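Data block below; observations after.
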DNA sequence: GCCGTCTTGTCAAGATATTGTCTAGGACAA
DNA sequence: TTGTCCTAGACAATATCTTGACAAGACGGC
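Chains as they are written, first to last, in our numbering: chain A, 1 to 357; chain B, 1001 to 1357.
This is the structure:
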């Protein structure tokens, strides 16, 4: 195996506690795996303490994921990193993306993925994270929440993190604020942290190499950006190169962004704002200005509210993140059609070029 | 290891207490780190007292943050600033990104980074960053901009990064959009990236230890959050523990946040919105609800616009970041003796040792 | 189905290593 | 004089290490 020439990455300097955080394994397990199966061979400090390299950590994390999928460590321990990755990839491709981030190492290869279902274990794991996160919010501990979420993003797959943790978390927060268990200030704090973490997930999960481009934003008049960030993170974890533009973009600027980037898809996040007059107008203007072959996805509660306009501008309206993923994938698989919620094919006027420079 | 002749331009003039304030480390720790691990080598005054340069402080802050993630100071101390930064922001997927994209040129160029912190040339260094950043914006390259800014934040000191790069950059962008050289879409892109980077700077610069707390937000009706993030980053770099709450917070929620956290100061960022009726009302409500010993600072163009209210609610109105820093520092110095009129959560009483962890 | 064996994660105890804080005695600065 | 800073050493709190034991499942044979 070729040795990467990155000094920082080579440095084997992480004490076991860091490995604990980044792999989700207990220190005991890490040690016993080393002793019984020789999964890694960390160097030792002068005082005899184990010092792990990023590569060690990466391998441990791969193993941890692989065992979650059912294999026994005794057998997996002998496998090469490639074999491990191959084993995990079919079950959970997003791992590759998120993994690449922290370990700064593995390639961004397998972006394809068949079965989206993370599995029952991931759900229960996510529930734990959910409870601890809520506890942190309750005691108004933003730092702890930040840490917990980042850790969860690593421990869980990107998909599980978003679907089984972030989404339920925001819903629970909203519910608690409604029934008075939490104050609005709690929600603000949580949202501030969530924005930060989601932004982080998005940028780190975004594949560096040229790939399918998608622009994510919120139309003019929409201030709520959590949904947009969620969509951005989901798209990024799914192998799209995301350009996130923040909330409240006028139609002209959206169009210009899409054209300059040459994006194939545009995801707009719409909060529920019944009776809103601005949004429908912006959406119509958007479709008029937008190249015909750019697919438009309306994410969030607002898509339901403005359903007639949604149909009118030939936009897809995924019900949730899972549906959005499917539609994005359909888009990526070469078909220019995005299935709309009611089944009609949306978008795609392949004849008209988009006139890129 | 080349030993660069230290330019007198970057005066090493800070006594240890300033370092204490700006890093969140106790004087004991700073001294013992120097003695045991040689993390910095401050010059001495005629009387034998340590005098720290800004670069020293920056390094100490990086180290303090790096230890937070679990690394042991004994090993971290030997690391280069680049390696440290990579450790703190393991999310360096963007590095891989650009490396991969223009892989045409050898990676060495990126690794062999130049100029740590030249004193008098700090401004020229910042000018370079400014130009390259503007170029990235012009060609609509958000990924490159992100990378450039993060690098600059490491290469320059936090102060220089904010004052000599970010602030001028936003001004130049605004000017270019005005005169038509850049499109609004460019500005949106740049702001989206800037928000992300500033948020990152804020969190990484915020001292992990209990220290003086400040809450940064934007009052209800203010959507623009770049200024608030800028102020947050500046305060964090100055040793305050920042709780950033995002834009558009109603007075009640601001007050509740301040009280729950036990913050000593509140920074509100106000954009220029002449004729605004909501802001003055919110500000008055705020002062009425807020504990009397909480200092209020109004940052941004809006403070000028609402000058009468500013005076009425006994708020400071710094003209720029430098002035805000001064006022914050004065607050930090003076309040040692100021008794808390209200018995709420005595916060961090400085002076004696502060509890680690 | 039942029972022994193997696998695997967790825990305990006793010893070291590492690190932050504190004390004491003295010097310097305003 | 008073407050800040310096050095050196002592000390307490964590983190980690090693060895060994053990419980819960998984598995295979009867």
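Don't be surprised by glycine CBs; every beta carbon is placed ideally from N, CA and C. Model, not experiment: these values are computed from the prediction.
Shown in chain order are the members of the stretch 1231-1254 of chain B whose Cβ falls below 9 Å from a Cβ of chain A: 1241, 1243, 1244, 1245, 1246, 1247, 1248, 1249, 1250, 1252, 1253 and 1254.
In this structure, DSSP gives residue 1172 (chain B) a helical state, which the three-state scheme calls helix. For residue 213 (chain A), the enclosing beta strand (DSSP E) has its first and last residue at 213-217. Among the residues facing chain B, residue 189 (chain A) is included, as its CB has a counterpart in that chain under 8 Å away. In the DSSP annotation of this structure, the continuous segment of the beta strand (DSSP E) that includes residue 243 (chain A) starts and ends at 241-244. Remark: C-beta atoms of residue 227 (chain A) and residue 1191 (chain B) do not approach each other more closely than 8 Å. Of all residues in the stretch 1124-1158 of chain B, the ones placed with a Cβ closer than 8 Å to any Cβ belonging to chain A are 1140, 1142, 1143 and 1146, in chain order. For residue 1069 (chain B), the chain A residues whose Cβ falls inside 7 Å of its Cβ are 18, in order along the chain. Looking at the DSSP output, residue 1266 (chain B) bridges to B:1215 and B:1296.
The stretch 44-54 of chain A makes contact with the stretch 12-24 of chain A: 3 or more CB pairs, one atom from each, lie closer than 8 Å.
In the three-state reduction of the DSSP assignment, residue 44 (chain A) falls in the strand class, which pools E and B. Here residue 1061 (chain B) has 1023 as same chain residues with Cβ atoms under 6 Å from its own Cβ, once five neighbours each way along the sequence are excluded. The stretch 150-160 of chain A and the stretch 1146-1162 of chain B do not touch, with fewer than three beta-carbon pairs separated by less than 8 Å.
For residue 259 (chain A) and residue 1035 (chain B), the gap between their C-alpha atoms comes out near 58 Å. Taking 8 Å as the upper bound on Cβ-Cβ separation, chain A lies near residues 1260 and 1261 of the stretch 1260-1275 of chain B.
At a cut-off of 8 Å between C-beta atoms, residue 1024 (chain B) does not count as an interface residue with respect to chain A. Between residue 18 (chain A) and residue 1070 (chain B), the C-beta spacing is below 8 Å. Here DSSP, grouped into helix, strand and coil, assigns residue 1260 (chain B) to helix.
At a cut-off of 8 Å between beta-carbon atoms, residue 72 (chain A) makes no contact with chain B. Counting other Cβ atoms within 10 Å of its Cβ, residue 56 (chain A) reaches 16 or more and is therefore classed as buried. Here DSSP, grouped into helix, strand and coil, assigns residue 1144 (chain B) to helix. In summary, residue 1220 (chain B) is buried, with 16 or more beta-carbon neighbours lying within 10 Å of its beta-carbon over all protein chains present. The count of Cβ pairs closer than 8 Å, one atom from the stretch 250-259 of chain A and one from the stretch 303-323 of chain A, stays below three, leaving the stretches out of contact. Judged by their CB atoms, residue 233 (chain A) and residue 201 (chain A) are nearer to each other than the 8 Å cut-off. For residue 1188 (chain B), the three-state secondary structure derived from DSSP is helix. Counting the other Cβ atoms within 10 Å of the Cβ of residue 1029 (chain B) gives 16 or more, which makes it buried.
Burial state of residue 1269 (chain B) is buried, judged by a 10 Å Cβ sphere holding 16 or more other Cβ atoms. It is roughly 49 Å from the alpha-carbon of residue 1215 (chain B) to the alpha-carbon of residue 83 (chain A). Counting only the Cα atoms, residue 146 (chain A) lies some 41 Å from residue 288 (chain A). By the criterion of a C-beta distance shorter than 7 Å, residue 318 (chain A) is surrounded in its chain by 297, 299, 324 and 327, once the five residues flanking it on both sides are discounted. In this structure, residue 1126 (chain B) lies near residue 1165 (chain B), with their beta-carbon atoms less than 8 Å apart.
Rounded to whole angstroms, the gap between the alpha carbons of residue 224 (chain A) and residue 218 (chain A) is 8 Å.
Pairing residue 1130 (chain B) with residue 1193 (chain B) gives a Cβ-Cβ distance that is not under 8 Å. Secondary structure at residue 1156 (chain B): coil, using DSSP grouped into helix, strand and coil. Take the alpha-carbon of residue 1066 (chain B) and the one of residue 1205 (chain B): they are about 11 Å apart. For residue 1126 (chain B), the secondary structure class from DSSP, reduced to helix, strand or coil, is helix.
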